[in-house]
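Per mature numbering (1 follows the signal peptide of the UniProt record, and there is no 0), the sequence shown runs over residues -21 to -1, 1 to 491. Cβ coordinates follow ideal geometry from the N, Cα and C atoms, glycine included. Here's the structure, in structure tokens; my notes come after.
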Amino acid sequence: MAGAISRRSVLAGAAAGVAGAAVGLGRAGAAGATPVADITAVTGVTVIDAAGGARRRQNVLVRGGRILDAGDLHRVPVPHGARVVDGRGKFLIPGLADMHTHATEIDPMDPEMYVVNGVTTTRQMSSSEAVRGWRRDIEAGTRLGPRWAVGSSIVDGTPSLWEGIGVPYVAVADAAQARAAVRQQAEEGADFVKTYTRLSRESFQAIAAESRRVGIPFLGHVPDFVQITEASDAGLHSMEHLFEFWYDTSRDEQRLRREIGRIAIAGGDYAGWFTKLHPIEYAAARSYDRDKAARVFERLARNGTHVTPTITVHWTCDVPDEVPHDDPRFRYASADTLGYWQWATETIYLKGRTPRESAERRELFARRLRLAGEMARAGVPLMTGTDLGTAYLLPGFSLHDELRFLVQAGLTPAQALRAATLEPARSLGRRDQGTVERGKVADLVLLDADPLRDITNTTRINSVFVRGHLVDPAARQRMLAEIEAAAQRKVATGVIPAAAGCACHGVPARAA
């Protein structure tokens, strides 16, 4: 596939085993129990997960993409002939998940960029031929990448913020159209239905009812015209971003919702939506009622509604002037991507912004951090997501920024890791992921430093296990070098691709 790293370089770290190894085998090392030549053993490592906390001096045996055994090094001996990875002084965590992504075709290296950053699961929030092709290649074994859940075309109200932008969407005007959209997306094989901002209350409730009927999850934005608690009670599987939370938690909710209802937004006018709703959102945040918020959060927690705060995208939207444009990680982005980022920031987020509005948005971002922390303390299950596709966000790399922001919001490093591992697995219904235990999927990240001491140590990646392969330090460095070279080779076109915009904050296609 054009732009993909060669299979030879990806697999140079050696395969961790043969796919399909049995999980119910006797304890590894027992005489004659299993062949051992295809086993990789991480020895003497500190295992960290949401199930057992930190467990020191562990041996973890991996075979065929599964954890064959894991436990105290005296209980789990290393089989003769196994490949040994010395884990002494290192830390093994489950593979990380980015639960809010929008892959683009500008830089076709997204799958590999996730893997080198220890992101082994992603949830694609809008369908595209590019990501469907990547998933086919990954599952066929011709490309290395994460496990990918792929959603529907975006289902929005009418007029839709997506008109003329060039990303697949479905605009529904009433309940009948909403139900038909759910059936169509389910028939086309979507893993879930993605709801969007301008859906009417009637259409949203119809999506909820039809999704239950056909047996497909629905998740995404809470529309402007629907309460957070109403969406949770209706079964919205996860709520994305923190835009709508202020209204349910405001002491002036009814007045502010009437103001929202009076605002007219033209089709395709995301910038207008972003600008016109800011004063209302800011007023809602300033009228935050802690007692009311506590009741809202208790309801979400009781319903088991996951929330993906995507603090990284709020950072780039609220305070884009604070985003460093000389980040050394940007060498992995093409000239077209860098050009789009600059254009989107200047045209969408900063154009016409006054010093007063900048100060308000800076305050709003600080409030979003506190909001995420309060939800976590109230027991609302949070998940990590970046909203890849927005300016200055990179596949994989930005997931580590999200972890850092969650800790800044008040979560402990252990809670932040849970949001990136166990909670995504639970949300996706994957009971065999998210922890380091016998029989679980061996999507793992070996770190050179303790993430419980400092969450930024999740960037201290030594090796990654994904889909039955071990990407060791040498292979990982080769992959990074090839990603950088591919980005530098790509000739700048000077054109903003139609699908380049964030699928949550879409931008019109136009020349730069």
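Among the residues of its own chain, which have a CB less than 6 Å from the CB of residue i, if the five just before and after it don't count?
i	result
residue -21	Here the model assigns residue -21 a pLDDT of 35, short of 50, so the residue's position is not dependable, and the following value carries that caveat. The residues are 116.
residue 190	161, 172 and 197
residue 7	Residue placement at residue 7 cannot be trusted, given a pLDDT of 32 that sits under 50; the coordinates are not used to answer.
residue 137	150 and 152
residue 99	74, 125, 422 and 445
residue 183	202 and 205
Closest to residue i by C-alpha separation, out of the options, would be which residue?
i	options	result
residue 41	422, 53 and 464	422
residue 369	228, 467 and 289	289
residue 105	28, 125, 47 and 135	135
residue 111	79, 75 and 169	169
residue 152	91, 178 and 264	178
residue 347	366, 358, 387 and 357	387
residue 229	30, 247, 26 and 268	268
residue 199	193, 223 and 181	223
residue 284	259, 407 and 90	407
residue 365	258, 294 and 439	294
residue 375	32, 33, 130 and 74	74
residue 357	390, 335 and 334	390
residue 306	242, 276 and 371	371
residue 259	217, 339, 367 and 334	339
residue 101	409, 26 and 439	409
Do you know offhand how far residue i's Cα is from residue j's?
i	j	result
residue 304	residue 317	9 Å
residue 121	residue 127	15 Å
residue 528	residue 139	Residue numbering for the chain in the displayed model covers -21 to 491; residue 528 lies beyond these limits and cannot be assessed.
residue 441	residue 64	11 Å
residue 417	residue 47	6 Å
residue 324	residue 299	7 Å
residue 355	residue 221	13 Å
residue 235	residue 263	7 Å
residue 434	residue 206	34 Å
residue 411	residue 103	20 Å
residue 237	residue 451	56 Å
residue 265	residue 272	13 Å
residue 341	residue 297	6 Å
residue 53	residue 36	9 Å
residue 215	residue 279	10 Å
residue 70	residue 79	26 Å
residue 124	residue 445	8 Å
residue 261	residue 129	33 Å
residue 249	residue 225	20 Å
residue 382	residue 32	17 Å
residue 251	residue 180	21 Å
residue 165	residue 156	14 Å
residue 301	residue 192	46 Å
residue 275	residue 232	13 Å
residue 1	residue 404	Its pLDDT being 29, under 50, residue 1 is placed unreliably in this model, and the value from its coordinates should be taken loosely. So the alpha carbons of these two residues sit roughly 21 Å apart.
residue 335	residue 113	44 Å
residue 333	residue 26	49 Å
residue 361	residue 453	34 Å
Excluding the 5 residues flanking residue i on each side, which residues of the same chain have their C-beta closer than 7 Å to its C-beta?
i	result
residue 282	211 and 212
residue 436	426, 428, 429 and 430
residue 51	36 and 37
residue 15	Any reading at residue 15 must be qualified, since the residue scores a pLDDT of 42, below 50, and its modelled position is unreliable; the value itself is stated next. For residue 15, where only same-chain residues beyond five positions count, the Cβ hits under 7 Å are 58, 59, 60 and 61.
residue 245	138 and 251
Pull up the CB-CB distance for residue i and residue j, whole angstroms please, since I reckon it's below 8 Å.
i	j	result
residue 384	residue 291	6 Å
residue 466	residue 313	5 Å
residue 378	residue 363	6 Å
residue 462	residue 311	5 Å
residue 28	residue 414	4 Å
residue 308	residue 373	6 Å
residue 287	residue 219	5 Å
residue 247	residue 141	7 Å
residue 82	residue 109	6 Å
residue 227	residue 469	Not quite, the Cβ-Cβ distance comes to about 44 Å (not below 8 Å), so this is no contact.
From the beta carbon of residue i, is the nearest beta carbon of chain C less than 8 Å away?
i	result
residue 121	Note that chain C does not occur in the displayed structure, where there is just one protein chain.
Closer than 7 Å to a non-hydrogen atom of the ligand COA - does that hold for the CB of residue i?
i	result
residue 260	Although the ligand COA was asked about, the structure shown includes no ligands whatsoever.
Near residue i, what residues of its chain come up, given a Cβ to Cβ distance below 8 Å and the 5 sequence neighbours on each side ignored?
i	result
residue 158	185, 186, 188 and 189
residue 240	204
residue 401	28, 29, 30, 73, 413 and 414
residue 147	105, 106, 107, 132 and 133
residue 163	149
Cβ contact check for the region 323 to 330 and the region 386 to 401: 3 or more pairs under 8 Å: no
Three-pair Cβ contact test at 8 Å for the region 89 to 102 versus the region 449 to 467: The region 89 to 102 makes contact with the region 449 to 467; the number of CB pairs closer than 8 Å reaches 3 or more.
Three or more C-beta pairs below 8 Å linking the region 417 to 435 and the region 41 to 55: yes
Three-pair Cβ contact test at 8 Å for the region 18 to 26 versus the region 50 to 66: yes
Segment contact flag, the region 65 to 80 with the region 341 to 352, C-beta cutoff 8 Å, min 3 pairs: no
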